[in-house]
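**Q** My structure is below; once you've seen it, I'll send some questions.
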Amino acid sequence: LPVPAPALAYVGVDDLVDDETRDLQAAVREFVDRRIRPHVAAWYEEGHLPARDLARELGDLGVLGMHLDGYGCAGTSATAYGLACFELEAGDSGLRSLVSVQGSLAMYAIWRFGSEEQKQQWLPRMAAGEAIGCFGLTEADFGSDPSGMRTRARRDGGDWVLTGTKMWITNGSIADVAVVWARTDEGIRGFLVPAGAPGLTAPEITRKQSLRASVTSELVLDDVRLPADAMLPGAAGLSGPLSCLNEARFGIVFGALGAAHDCLETTVAYARSRQLFDRPLAAYQATQLKLADMGLELGKGMLLALHLGARKDAGTLDHRQISLGKLNSVREAIAIARECRAILGAAGITLDYPVIRHAANLESVLTYEGTSEVHQLIIGQVLTGHAAFR
Ligand code: FAD
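Read in order, the letters of the sequence shown correspond to residues 3 to 392 in full-length UniProt numbering.
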């Protein structure tokens, strides 16, 4: 072990993954170093992400829907997908969100619940990054409790007619296809709404102070008429969209730790070079206590993430176990980002360092894909047998 050692090398997590997975992770890291890091602070400041260009490049890299089989998808292990999310989010949570929504929400919904025609029509183009997808579940009044959604789909002859407004939809205004969840007479069903459908508009949500390098939009459906075959035949009820969220949450278990890792690496390097009084900042006990605690939490979080990955690959992962990882990774990542920001002093409040960008991004990651409280309630129900959601 070299001294100084990177926090995760010290824990020895690399030994827990096979060579193929390590190579794949290294390829994603190389992409992020080359294509994202030099530009992301400017994108963040401008509130912009060149999503269409990036989607094609991410498609070439093979990370869009990478853990799905067939239809042009790479068919990797879940652990490999998680480690790709780690590297992408070390670049920026907005980049990882683009990949999560595309692969785990939009593509997964079509892959799992779509007809053969729907899969053939969308999945190969989405895997290549030629078509972008979004996932419309949340509404302004129904976030943590999507069962109350007001968006409706009614039958009109052989057609479906959708009315309602979705809120906080990642990729909404740039999507070629929106997976929209709506209430019908037969319960909640999913629909594929192509861009340009008459009655569909997607105004972008501006003035965000978090996840600025990511597109977030409303989806306004004003009597959008769709053919009968626009409905996803395999999803009936809320379990459909919730199973997609489980896929994305799994990626976030790893992803949030990627942001934390980037903060810690940046801060260790800074503390080693920053001279305070007559010594490097890293040589003070007070600094080392903080760095040690952060390295410990990062290592523990990574071991839990890899454990969940191994269970997912073995087909033994209970979706409620993902709550352990999502809650822990995001909570600890936010704590690490804030502590790192403080160690950087005044330099930590600028975009010259990635830390405050990660800290602000993680506020969104804390809220989406189930807030911390929602995951605590899931864990609480497992431990007590009592559902305390309402
Ligand atoms: P609320 O549900 O109003 O929660 C407010 C607070 O109440 C939270 O702290 C919450 O933890 C707490 N709370 C909720 N229920 C309970 C309870 N039973 N007991 C105690 N406390 C409780 N949605 C999509 O469908 N698609 C997307 O692509 C998407 N992208 C997003 C991108 C960003 C940047 C953001 C910020 C959100 C996105 N969302 C998306 C929406 C996201 O999933 C919701 O914001 C999330 O579910 C929380 O809903 P809410 O914001 O309405 O908060």
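For every residue, glycine included, the Cβ atom is placed at its ideal position computed from N, Cα and C.
(1) Contact check, residue 230 vs residue 181 under 8 Å by CB: the rounded distance?
(2) Can you check the stretch 91-164 for any beta strand (DSSP E) of at least 3 residues that lies completely inside it and give the ranges in chain order?
(3) Out of curiosity, what's the CA-to-CA distance linking residue 68 and residue 90?
(4) Residue 84: which of 304, 216 and 158 sits nearest, CA to CA?
(5) Look at the alpha carbon of residue 366 and the alpha carbon of residue 148, and state the distance between them as a whole number of angstroms.
(6) Let me check understanding here. Comparing Cα to Cα, which of 384, 272, 261 and 142 lies closest to residue 349?
(7) Check for me: the alpha helix (DSSP H) holding residue 213 runs from which residue to which?
(8) Is the beta carbon of residue 1 less than 8 Å from the beta carbon of residue 154?
(9) Please classify residue 103: is it buried, with 16 or more other beta-carbons within 10 angstroms of its beta-carbon, or exposed?
(10) Provide the residue span of the beta strand (DSSP E) that contains residue 2, from first to last.
(11) Rounded to the nearest angstrom, what separates residue 331 and residue 211 at their Cα positions?
(12) Rounded to whole angstroms, what is the Cα-Cα separation between residue 381 and residue 326?
(13) Can you have a look at residue 401 and say buried or exposed, based on whether 16 or more other CB atoms are within 10 angstroms of its CB?
(14) Is the beta carbon of residue 2 sitting closer than 8 Å to the one on residue 219?
(15) Is it true that the CB of residue 126 sits closer than 8 Å to the CB of residue 201?
(16) Classify residue 359 as helix, strand or coil using the three-state DSSP reduction.
(17) Excluding sequence positions up to five away, which residues of its chain have a Cβ less than 6 Å from the Cβ of residue 150?
(18) Around the Cβ of residue 62, are there at least 16 other Cβ atoms within 10 angstroms (buried) or fewer (exposed)?
(19) Pick out whichever of 340, 292, 188 and 345 has its Cα sitting closest to the Cα of residue 239.
(20) So, using beta-carbon positions, are residue 82 and residue 64 closer together than 8 Å?
(21) Give the straight-line distance between the Cα atoms of residue 78 and residue 51, rounded to the nearest whole angstrom.
(22) Rounded C-beta distance between residue 13 and residue 301? I'm assuming under 8 Å.
(23) Taking the beta carbon of residue 356 as the centre, do at least 16 other beta carbons fall within 10 Å, making it buried, or is it exposed?
(24) Do you know offhand how far residue 117's Cα is from residue 33's?
(25) Distance, Cα to Cα, residue 37 vs residue 266?
(26) With distances taken Cα to Cα, identify the nearest neighbour of residue 176 among 236, 204 and 316.
**A** According to the data block:
(1) Here residue 230 corresponds to residue number 228 of the sequence shown, with the count starting at 1. Here residue 181 corresponds to residue number 179 of the sequence shown, with the count starting at 1. Residue 230 to residue 181, Cβ: 17 Å. No contact.
(2) 135-138 and 154-158
(3) The residue you call residue 68 lines up with position 66 of the sequence shown. The residue you call residue 90 lines up with position 88 of the sequence shown. In a straight line, the C-alpha of residue 68 is about 13 Å away from that of residue 90.
(4) Indexing the sequence shown from 1 puts residue 84 at position 82. The shortest Cα separation from residue 84 among 304, 216 and 158 belongs to 304.
(5) Reading the sequence shown from its first residue, position 364 is the one you call residue 366. Reading the sequence shown from its first residue, position 146 is the one you call residue 148. Between residue 366 and residue 148, the C-alpha separation is close to 18 Å.
(6) As a working mapping, residue 349 is identified with position 347 in the sequence shown. The shortest Cα separation from residue 349 among 384, 272, 261 and 142 belongs to 272.
(7) To locate residue 213, count along the sequence shown from 1; it is residue 211. In the DSSP assignment, residue 213 falls outside any alpha helix (DSSP H) and carries neither an H nor an E.
(8) The chain is shown from 3 up to 392; residue 1 falls before or after that span and cannot be answered.
(9) Position 101 of the sequence shown, counting from 1, holds the residue named residue 103. Buried, since its Cβ has 16 or more Cβ neighbours within 10 Å.
(10) This structure does not reach residue 2, given that the chain is present from 3 up to 392, and the question cannot be answered.
(11) Locating residue 331 in the sequence shown gives position 329, counting from the first residue. Locating residue 211 in the sequence shown gives position 209, counting from the first residue. So the alpha carbons of these two residues sit roughly 21 Å apart.
(12) Here residue 381 is taken as the residue at index 379 of the sequence shown, counted from 1. Here residue 326 is taken as the residue at index 324 of the sequence shown, counted from 1. Rounded to the nearest whole angstrom, the CA to CA distance from residue 381 to residue 326 is 7 Å.
(13) The chain is shown from 3 up to 392; residue 401 falls before or after that span and cannot be answered.
(14) As shown, the chain starts at 3 and ends at 392. That puts residue 2 outside it, with no answer to give.
(15) Taking the sequence shown and counting its residues from 1, the one referred to as residue 201 is at position 199. Taking the sequence shown and counting its residues from 1, the one referred to as residue 126 is at position 124. Result no, Cβ atoms of residue 201 and residue 126 do not sit closer than 8 Å.
(16) Locating residue 359 in the sequence shown gives position 357, counting from the first residue. Note: residue 359 maps to helix in three-state DSSP.
(17) The residue you call residue 150 lines up with position 148 of the sequence shown. Around residue 150: 144.
(18) The sequence position of residue 62 within the sequence shown is 60, counting from 1. With fewer than 16 other Cβ atoms within 10 Å, it is exposed.
(19) To locate residue 239, count along the sequence shown from 1; it is residue 237. Among 340, 292, 188 and 345, the Cα nearest to that of residue 239 is on 188.
(20) Counting from 1 along the sequence shown, the entry for residue 82 is found at position 80. Counting from 1 along the sequence shown, the entry for residue 64 is found at position 62. No; because the gap between Cβ atoms is not below 8 Å, this pair is not in contact.
(21) Here residue 78 refers to the residue found at position 76 of the sequence shown. Here residue 51 refers to the residue found at position 49 of the sequence shown. Going by the C-alpha atoms only, they are around 27 Å apart.
(22) The residue given as residue 13 occupies position 11 in the sequence shown. The residue given as residue 301 occupies position 299 in the sequence shown. At roughly 4 Å, the Cβ-Cβ gap stays under 8 Å, so residue 13 and residue 301 are in contact.
(23) Position 354 of the sequence shown, counted from the start, is the residue given in the question as residue 356. By the neighbour-count rule (16 or more Cβ atoms within 10 Å), residue 356 is buried.
(24) As a working mapping, residue 117 is identified with position 115 in the sequence shown. As a working mapping, residue 33 is identified with position 31 in the sequence shown. Their Cα atoms are separated by approximately 34 Å.
(25) Indexing the sequence shown from 1 puts residue 37 at position 35. Indexing the sequence shown from 1 puts residue 266 at position 264. Spanning the two alpha carbons is a distance of roughly 21 Å.
(26) To locate residue 176, count along the sequence shown from 1; it is residue 174. Checking every option, the nearest Cα to that of residue 176 belongs to 204.
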